[in-house]
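Residues in the sequence shown are numbered from 162 upward in steps of one, following our numbering. Below: the structure, in structure tokens.
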Amino acid sequence: MITQKAQDILQSMTKGDSLLRHARTVELVMRAYAEKLGQHVEQWGATGLLHDADYEAHPDQHPNVIVNLLRERRRRNGTRHFSALY
Numbered sequence: 162m163i164t165q166k167a168q169d170i171l172q173s174m175t176k177g178d179s180l181l182r183h184a185r186t187v188e189l190v191m192r193a194y195a196e197k198l199g200q201h202v203e204q205w206g207a208t209g210l211l212h213d214a215d216y217e218a219h220p221d222q223h224p225n226v227i228v229n230l231l232r233e234r235r236r237r238n239g240t241r242h243f244s245a246l247y
């Protein structure tokens, strides 16, 4: 569930293939480290996916746009899993 929501956010904000591949690569690295360190794999993976989600559309405001979006979603939906990301 966390991963699907993160992918939806990423796809809505990022269109370039290169940045999408970068996000996926960072997701995989973050998941591997989370597993190795005994942390929440899905949360860490979502962090990797979203860490540059706003860069393409808002390079001068990066990472503030994605951070604010996740905070607003948390406030509105009461979802806490994204708040752990930033």
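We put the beta carbon where it would ideally sit given N, CA and C, even for glycine. All figures in this text were calculated on a predicted structure; none of them were measured in a lab.
Could you check what DSSP says for residue i in three-state terms: helix, strand or coil?
i           : result
residue 206 : helix
residue 221 : coil
residue 174 : helix
residue 214 : coil
Taking the Cβ atom as the reference point for each residue, do residue i and residue j lie within a distance shorter than 9 Å?
i           : j           : result
residue 211 : residue 171 : yes
residue 164 : residue 213 : no
residue 206 : residue 189 : yes
residue 203 : residue 185 : no
residue 228 : residue 209 : no
Out of the options, point me to the one whose CA is closest to residue i's CA.
i           : options          : result
residue 140 : 235, 173 and 184 : This structure cannot settle anything about residue 140, because the visible part of the chain is limited to 162 through 247.
For the pair the segment 189 to 203 and the segment 219 to 234, tell me if three or more CB-CB distances fall below 8 Å. Proximity of the segment 189 to 203 to the segment 219 to 234 falls short of the contact definition, fewer than three beta-carbon pairs being nearer than 8 Å.
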